[in-house]
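What follows is a short report on a single structure.
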Amino acid sequence: MKRFAKALYIAIIVLFLYLPIGTLMVLSFNESKSMTSWQGFSVRWYREMFNNQELMEALGNTFTIALWASIIATLTGVLACVAMNAMTDRKRNIFMGLNNIPLLNADIVTGISLMISFLLFGISLNYGTVLFAHVTFCIPYVILSVMPKFRQLENHTYEAALDLGASPAYAFFKVVLPDLMPGIASGFLLSFTMSVDDFVITHFTRGAGINTLSTLIYSQLKIGVRPTLFALSTVIFLVVLVILLISNYVRSGEKDKKPGKTGKTGEKEYIYRSGLSTGRKVLVGILAVLIIAAAVKFTPSTPGEVGENGVVYVYNFGDYIDPELTEQFFEETGYTVVCDYFDTNEEMYPVIKNNTADYDVICASDYMIDKMIREDLLMEIEFGQIPNMQYLAQNIRDFMEEFDPGMFYSAPHTWGTYGIIYNTELVDEEDFEGDVSWGILWDEKYAGKIIMPNSIREADMVAAKLLGYSMNTLDEEEMKAITRKLIDQKPLVYSYANDNARDLMIGDNASMAVITSGDVLYAQEDNENLAYVIPVEGTEVWTDCWAVPKSCKNFDGAMAWINFMYSYDAAVANFEYLTYAIPNTQLDDYVYEDYIEGETILSEIEIVNPSEEILARCETLKNLGAEGDDMYSRYWKEFKSR
Amino acid sequence: MAKDTTLIQMKDISKSYDGEIVLDEFDLNIRENEFITLLGPSGCGKTTTLRILGGFTKPDTGRVIFEGTDITDMPANKRPLNTVFQKYSLFPHMNVAENIAFGLRISGKSESYINDKIKYALKLVNLAGYENRAVTSLSGGQQQRIAIARAIVNEPRVLLLDEPLGALDLKLRQEMQYELIRLKNELGITFVYTHDQEEALTMSDTVVVMNKGYIQQMGTPEQIYNEPENAFVADFIGDSNIFDGIMIEDRVVEICVHKFPCVDEGFGRNKPVDVVIRPEDIIIDKPGRGVIDGVVTSNVFIGVHYEMCVDAGGSEWLCQNTRSFPVGTEVSLNVDPENIQIMNKPQSEDEEAISLEEVLGEELKEE
Chain A
7 MKRFAKALYI AIIVLFLYLP IGTLMVLSFN ESKSMTSWQG FSVRWYREMF NNQELMEALG
67 NTFTIALWAS IIATLTGVLA CVAMNAMTDR KRNIFMGLNN IPLLNADIVT GISLMISFLL
127 FGISLNYGTV LFAHVTFCIP YVILSVMPKF RQLENHTYEA ALDLGASPAY AFFKVVLPDL
187 MPGIASGFLL SFTMSVDDFV ITHFTRGAGI NTLSTLIYSQ LKIGVRPTLF ALSTVIFLVV
247 LVILLISNYV RSGEKDKKPG KTGKTGEKEY IYRSGLSTGR KVLVGILAVL IIAAAVKFTP
307 STPGEVGENG VVYVYNFGDY IDPELTEQFF EETGYTVVCD YFDTNEEMYP VIKNNTADYD
367 VICASDYMID KMIREDLLME IEFGQIPNMQ YLAQNIRDFM EEFDPGMFYS APHTWGTYGI
427 IYNTELVDEE DFEGDVSWGI LWDEKYAGKI IMPNSIREAD MVAAKLLGYS MNTLDEEEMK
487 AITRKLIDQK PLVYSYANDN ARDLMIGDNA SMAVITSGDV LYAQEDNENL AYVIPVEGTE
547 VWTDCWAVPK SCKNFDGAMA WINFMYSYDA AVANFEYLTY AIPNTQLDDY VYEDYIEGET
607 ILSEIEIVNP SEEILARCET LKNLGAEGDD MYSRYWKEFK SR
Chain Z
33 MAKDTTLIQM KDISKSYDGE IVLDEFDLNI RENEFITLLG PSGCGKTTTL RILGGFTKPD
93 TGRVIFEGTD ITDMPANKRP LNTVFQKYSL FPHMNVAENI AFGLRISGKS ESYINDKIKY
153 ALKLVNLAGY ENRAVTSLSG GQQQRIAIAR AIVNEPRVLL LDEPLGALDL KLRQEMQYEL
213 IRLKNELGIT FVYTHDQEEA LTMSDTVVVM NKGYIQQMGT PEQIYNEPEN AFVADFIGDS
273 NIFDGIMIED RVVEICVHKF PCVDEGFGRN KPVDVVIRPE DIIIDKPGRG VIDGVVTSNV
333 FIGVHYEMCV DAGGSEWLCQ NTRSFPVGTE VSLNVDPENI QIMNKPQSED EEAISLEEVL
393 GEELKEE
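Just so you know, the protein sequences line up as chains A and Z, in that order. According to the numbering used here, numbering within the first sequence proceeds without interruption in unit steps and concludes at 648. According to the numbering used here, numbering within the second sequence proceeds without interruption in unit steps and concludes at 399.
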């Protein structure tokens, strides 16, 4: 019984530790994009991963930064230890204290203070600043792992070496350093992993076009993590595993040489060989060569090939265009494109506002365009240079008036509506025949089967529309009614979810969910029982637009980029990649391979192209001002606390 | 064995750490091929002396002269001396052969020369065939011998050994002492050796007894043992009875109100003195037959002889004898005149001066 309990205990621990990684590895071979349903074995994500240049570049950046940072930090740290070792105890303790403070400091403080310092001293953020930042936070780890080794040193070995005629340098390298090696190695490895892991500090110190894996993945959260990242994570995990196994194998070999318990092993004569055996040396050598080769191959990924017309810096939501378009743009126009990514408008805004990096084109949502126009952060677009603008869909222009009156500053990239996605197998068909009301989300029949958005404005929008209010209402009484309505609904809700609503629906976990139209075609690809409806009360129409910030250095390039985005090829590529509606009339006749209906002309798909009638009842998200924001978050808290 | 030519001269060496004097105007001459032992309790300055010789510590004042050349400022790696450290200080990541070859490789010797030397040195320290062993797998005594081998392959003129036997157990220590003597005789080089125990007497040509940075006495082992110059030396070297006595007149000393004949002269009349009597020199006889009567209060067998305490004349007398006298036996004690060592009270001695300074210093600080 006791043995069984022990075994169970270990099994549970192992399960907790490795189940998540196992899940991820399995999903990386899933034919489907879904995280919830298995649709057959495939290596397409691995193929996509290796073809995704951005991903490969970020991978390269991550490992070169980690490698250089840990090499520099190790050298610096060891030298610091040499100096500190020679100090009096008092002084050394002071320095150790100074060393430990950054370790305990929150990453966000380190990151922000580094960013401010760089900007203050006029250093523009780039690959170098990230590297510098990583070296900075790695040094304390090196000192922390090397210093104890110094203290343990057999004190007299250094003097013994001098005594035997060694110069101080020779004595250090031949005698002291080998003794320190375990500490140095662990300091190096610790630095390396800390550097690979880091997101916060990198996020604040990176410049335009520099992404590491962590920042790239984070920026992709807006439209959901693609399974290519599972593939990548699997590869990284396996590589780390192999390195770990090799280093363990090497180290176990070293241990064998020192039996220690000579008493127990008896009179057996051991032949001791110094250092590592030949086989192990070869292994270590191969490893070193591989690492160096990788470093050389990926070293600073500043644009290798600069186009004749210079570089266009694009600041976009992560994974929000077909990645192959940048290459095509380069070939067609001669501009090299450097893309940089953010996750939310709120993340992009301070970068532009504070001018921490110079971008030529940005992508931003409607309400943010409004805000930036008011704050004079945008330049007027020269529509004369954008002939393709003629293809801008007519039905979106009215909505643009709401955030960019006269349409001077923005050019829509994608647009969409909010509506209800439902599973035809899990709902009564008659409920969704004819006009559907938002009220269906309050139907007790579907208790525990409803997914609501987990964000203030979208959740409030649903209740406001049902009650016949504007989604931008500033009326306190209406706000109270909205909050009451949402509280009433609480017992019926299966989950409040943003990104994973789509996956929960694909996995048949709920009957219906509030979702943006862009995710519907994507979801249908994996679950053909899903359908989408815009409730009769109307909804929110959102638009994400290209705009040019005042920091623009390459205006012509920016114009060329926007013009290119409106070309037929780019529009088709983006639509196929994102399945978000692209407001481009050239796509009206495009034949889409619908997963449910088969070949369909795009303009006939309501999800992408809602009727005039419905659009008439829609509005866009507006800035509420500070007081309005306060009121909304106050009531949101009230709702959340119930 | 030691030649008369002076090899090393230490002149007026002073050294203090954080205001604490470790060596004070220290002078020492070391002769060619001498086995010289610096003896004293820990903190007496013997290790500092050795470190100054080795070049690891710079003296505050004074010079070190090696064969007429001033080497005071010469770095350790250039000196023609090699040191065997207290804790062996073998290089743990190298095997035995690599440890021994370390110095030879630096001086650029050929591989065949190095191999021959390693073989020779290992044979010399009775560890032939240990070339490929990891040093961490060796016992303390073996490590010590490797440390010695590592030093002697460089053919130093002088070998400095800093308490090399301190970490070994008694049996091993005795064995190693004989090996050191044999080595010294075979190699014909100068040994400077430090130790904190009397047993070092057996192998030394010259013994320097140190305390608190001063030389208390320097001489052959026989001189040090038989004619200690002061109570410190007498107490430190071997077991002794040290009594407060009064020199009544030449050749008569009073101990515990009993007069003993002795051989010393010239102390004056009724002069207070220290009297040293070695325990093995006390003759135990039947009551009434000796000078002073007493009772045996303890009796311990310690190998060759018995060690007994006799309460006589109000003092405790430590005696050693091959005959056993059970506790409670009434005995009478006597000492041959030539075995009574008379010494002046140490008021004028360096040692006493220092302790006085210390007391004064403390008082000054308190003020």
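The beta-carbon is built from N, C-alpha and C at its ideal position, and this holds for glycine as well.
Using beta-carbon positions only, say whether V136(A) and I71(A) come within less than 9 Å of one another.
-> Working through the first sequence from its first residue, we reach residue 136(A) at position 130. Working through the first sequence from its first residue, we reach residue 71(A) at position 65. Closer than 9 Å, so yes.
When you compare each of M153(A), A139(A), Q59(A) to D95(A) by their alpha carbons, which one comes out closest?
-> In the first sequence, counting from the first residue as 1, residue 95(A) sits at position 89. Comparing Cα positions, the closest option is M153(A).
Other residues of its chain near N535(A): CB distance less than 6 Å, five sequence neighbours each side excluded = Position 529 of the first sequence holds residue 535(A). Around N535(A): N429, T430, E431.
Compute the beta-carbon to beta-carbon distance between S46(Z) and L55(Z), rounded to the nearest angstrom, for a pair I have assumed lies under 8 Å.
-> Residue numbering aside, residue 46(Z) sits at position 14 when the second sequence is read from its first letter. Residue numbering aside, residue 55(Z) sits at position 23 when the second sequence is read from its first letter. In this structure S46(Z) touches L55(Z) by the C-beta definition: roughly 6 Å separates them, less than 8 Å.
Just reading off the alpha helix (DSSP H) that W552(A) is part of, what are its end residues?
-> Numbered from its first residue, the first sequence carries residue 552(A) at position 546. For W552(A), there is no enclosing alpha helix (DSSP H); the enclosing beta strand (DSSP E) has its first and last residue at 547-555.
Alpha helix (DSSP H) segments (min. 4 residues) lying fully within the segment 483-552 of chain A | List check, alpha helix (DSSP H) in window: 507-512, 524-532.
Taking G94(Z) as part of the beta strand (DSSP E), name the residues at either end of that continuous run.
-> For the purposes of this step, residue 94(Z) is taken as the residue at position 62 of the second sequence. It spans 93-98 - the beta strand (DSSP E) in which G94(Z) sits, taken as one unbroken run.
Is the CB-CB distance between F236(A) and L61(A) below 9 Å?
-> Translated into the one-based positions of the first sequence, residue 236(A) becomes position 230. Translated into the one-based positions of the first sequence, residue 61(A) becomes position 55. Not in contact: F236(A) and L61(A) (Cβ atoms no closer than 9 Å).
Within chain Z, partners of V84(A) - CB distance below 9 Å | What you label residue 84(A) is simply residue 78 of the first sequence in a count that begins at 1. Counting only Cβ-Cβ distances below 9 Å, V84(A) has no contacts in chain Z at all, with the closest Cβ about 17 Å away.
Looking at the unbroken beta strand (DSSP E) that takes in Y598(A), where does it start and where does it end?
-> Here residue 598(A) refers to the residue found at position 592 of the first sequence. DSSP places Y598(A) in the uninterrupted beta strand (DSSP E) bounded by 597-600.
Tell me where the alpha helix (DSSP H) around F333(Z) begins and ends.
-> Mapped onto the second sequence, residue 333(Z) falls at position 301. For F333(Z), there is no enclosing alpha helix (DSSP H); the enclosing beta strand (DSSP E) has its first and last residue at 324-333.
Is the Cβ of P304(Z) closer than 9 Å to any Cβ of chain A?
-> Residue numbering aside, residue 304(Z) sits at position 272 when the second sequence is read from its first letter. No, because no Cβ of chain A sits closer than 9 Å to the Cβ of P304(Z).
Report the residue from R623(A), L238(A), N460(A), S476(A) whose alpha carbon sits nearest the alpha carbon of D404(A).
-> Taking the first residue of the first sequence as position 1, residue 404(A) is located at position 398. Measuring from the Cα of D404(A), the nearest candidate turns out to be R623(A).
When you compare only the Cα positions, how much space is there between K110(Z) and A167(A)?
-> Numbered from its first residue, the second sequence carries residue 110(Z) at position 78. Numbered from its first residue, the first sequence carries residue 167(A) at position 161. Inter-residue distance for K110(Z) and A167(A) is about 12 Å (C-alpha atoms, whole angstroms).
Measure the C-alpha to C-alpha separation of Y162(Z) and P91(Z) and round it to an integer number of angstroms.
-> Position 130 of the second sequence, counted from the first residue, corresponds to residue 162(Z). Position 59 of the second sequence, counted from the first residue, corresponds to residue 91(Z). In this model, Y162(Z) and P91(Z) are separated by some 39 Å (Cα to Cα).
Below 7 Å between beta carbons is the criterion; list the residues of the segment 77-96 of chain Z that meet it against any residue of chain A, in chain order.
-> Listed by position, the residues of the segment 77-96 of chain Z near chain A (Cβ gap below 7 Å) are G86, F88.
Skipping 5 residues on each side, what residues in its chain have a beta carbon closer than 6 Å to that of Y276(A)?
-> By 1-based counting over the first sequence, the position of residue 276(A) is 270. The predicted model places Y276(A) with a pLDDT of 37, which falls under 50 and marks its position as unreliable; any figure quoted below should be read in that light. Within the same chain, Y276(A) has no close Cβ partners at all.
Where R63(Z) sits in the DSSP three-state scheme | Within the second sequence, numbered from 1, the residue matching residue 63(Z) stands at position 31. Here DSSP, grouped into helix, strand and coil, assigns R63(Z) to strand.
In chain Z, what lies closer than 7 Å to V181(A) by C-beta?
-> Here residue 181(A) corresponds to residue number 175 of the first sequence, with the count starting at 1. The contacting residues are F123.
Measure from the C-beta of G655(A) to each C-beta in chain Z and report whether the shortest distance is under 9 Å.
-> Nothing can be reported for residue 655(A), as the shown portion of chain A is limited to 7 through 648.
Starting from the beta carbon of H140(A), find every residue of chain Z whose beta carbon is closer than 7 Å, and list them in chain order.
-> Looking up residue 140(A) in the first sequence gives position 134. What H140(A) touches in chain Z: nothing, since even the nearest Cβ is about 31 Å away.
Grab me the residues of S197(A)'s own chain with a C-beta within less than 7 Å of its C-beta, minus the 5 sequence neighbours each way, in chain order.
-> For this step, residue 197(A) is matched to residue 191 along the first sequence. Take S197(A), set aside five residues on each side of it, and the residues of its chain with a beta-carbon closer than 7 Å to its own are A75, S76, A79, T80, C144, Y147, V148, in chain order.
DSSP state of P233(A), grouped into three classes?
-> Walking along the first sequence from the start, residue 233(A) turns up at place 227. For P233(A), the three-state secondary structure derived from DSSP is coil.
With DSSP collapsed to three states, give me the class of K119(Z).
-> What you label residue 119(Z) is simply residue 87 of the second sequence in a count that begins at 1. DSSP places K119(Z) in coil when its eight states are reduced to three.
Measure the alpha-carbon distance for I146(Z) versus I180(Z) and round it to whole angstroms.
-> Counted from its first residue, the second sequence places residue 146(Z) at position 114. Counted from its first residue, the second sequence places residue 180(Z) at position 148. In this structure, the alpha-carbon of I146(Z) lies about 16 Å from that of I180(Z).
Taking just the CA atoms, how far does P196(Z) sit from K274(A)?
-> Reading the first sequence from its first residue, position 268 is the one you call residue 274(A). Reading the second sequence from its first residue, position 164 is the one you call residue 196(Z). For K274(A), the predicted structure reports a pLDDT of 36, less than 50, and the residue's modelled location is therefore unreliable. The matter cannot be settled from this model.
Determine whether the Cβ of D169(A) lies closer than 9 Å to any Cβ atom of chain Z.
-> Locating residue 169(A) in the first sequence gives position 163, where the first residue counts as 1. Interface criterion met: the Cβ of D169(A) is under 9 Å from a Cβ in chain Z.
From D636(A) to S461(A), what does the alpha carbon distance come to, in whole angstroms?
-> Here residue 636(A) refers to the residue found at position 630 when the first sequence is read from its first residue. Here residue 461(A) refers to the residue found at position 455 when the first sequence is read from its first residue. Roughly 15 Å between the two C-alpha positions.
Give me whichever residues DSSP pairs with F275(Z) in a beta bridge.
-> Here residue 275(Z) refers to the residue found at position 243 of the second sequence. F275(Z) is bridged by DSSP to V307(Z).
Looking at C-beta atoms only, is the number of pairs between the segment 548-564 of chain A and the segment 487-497 of chain A that lie closer than 8 Å three or more?
-> Cβ pair count under 8 Å is below three, so no.
Below-9 Å beta-carbon distance, L221(Z) vs any chain A residue | Indexing the second sequence from 1 puts residue 221(Z) at position 189. According to the sequence displayed, residue 221(Z) carries Ile and not Leu. Not flagged as an interface residue toward chain A: I221(Z), since no C-beta distance is shorter than 9 Å.
Within 10 angstroms of the Cβ of D262(A), are there 16 or more other Cβ atoms? Answer buried if so, exposed if not.
-> Within the first sequence, residue 262(A) is the residue found at index 256, counting from 1. With a pLDDT of 47 at D262(A), under the threshold of 50, the predicted position of this residue should be treated as unreliable, though the coordinate-derived value follows. Label assigned to D262(A): exposed.
State the CB to CB distance for the pair H642(A) and P541(A), rounded to an integer number of angstroms; the pair is presumed to be in contact (CB under 8 Å).
-> Here the question's residue 642(A) lines up with position 636 in the first sequence. Here the question's residue 541(A) lines up with position 535 in the first sequence. According to the sequence shown, residue 642(A) is Trp rather than His. In fact, because the Cβ distance is near 22 Å, the residues do not count as touching under 8 Å.
Apart from the five residues on each side of it in sequence, which residues of its chain come closer than 8 Å, Cβ to Cβ, to F299(Z)?
-> Working through the second sequence from its first residue, we reach residue 299(Z) at position 267. So the list reads M279, D282, V305, I374, N376, once near-sequence residues are dropped.
Chain Z contact residues for Y147(A), given Cβ-Cβ distances below 9 Å = Translated into positions along the first sequence, residue 147(A) becomes position 141. Simply none; closest approach about 24 Å.
Shortest alpha-carbon distance to A172(A) belongs to which of F134(Z), T81(Z), L233(Z)?
-> Reading the first sequence from its first residue, position 166 is the one you call residue 172(A). Comparing Cα-Cα distances from A172(A) to each of F134(Z), T81(Z), L233(Z), the minimum goes to F134(Z).
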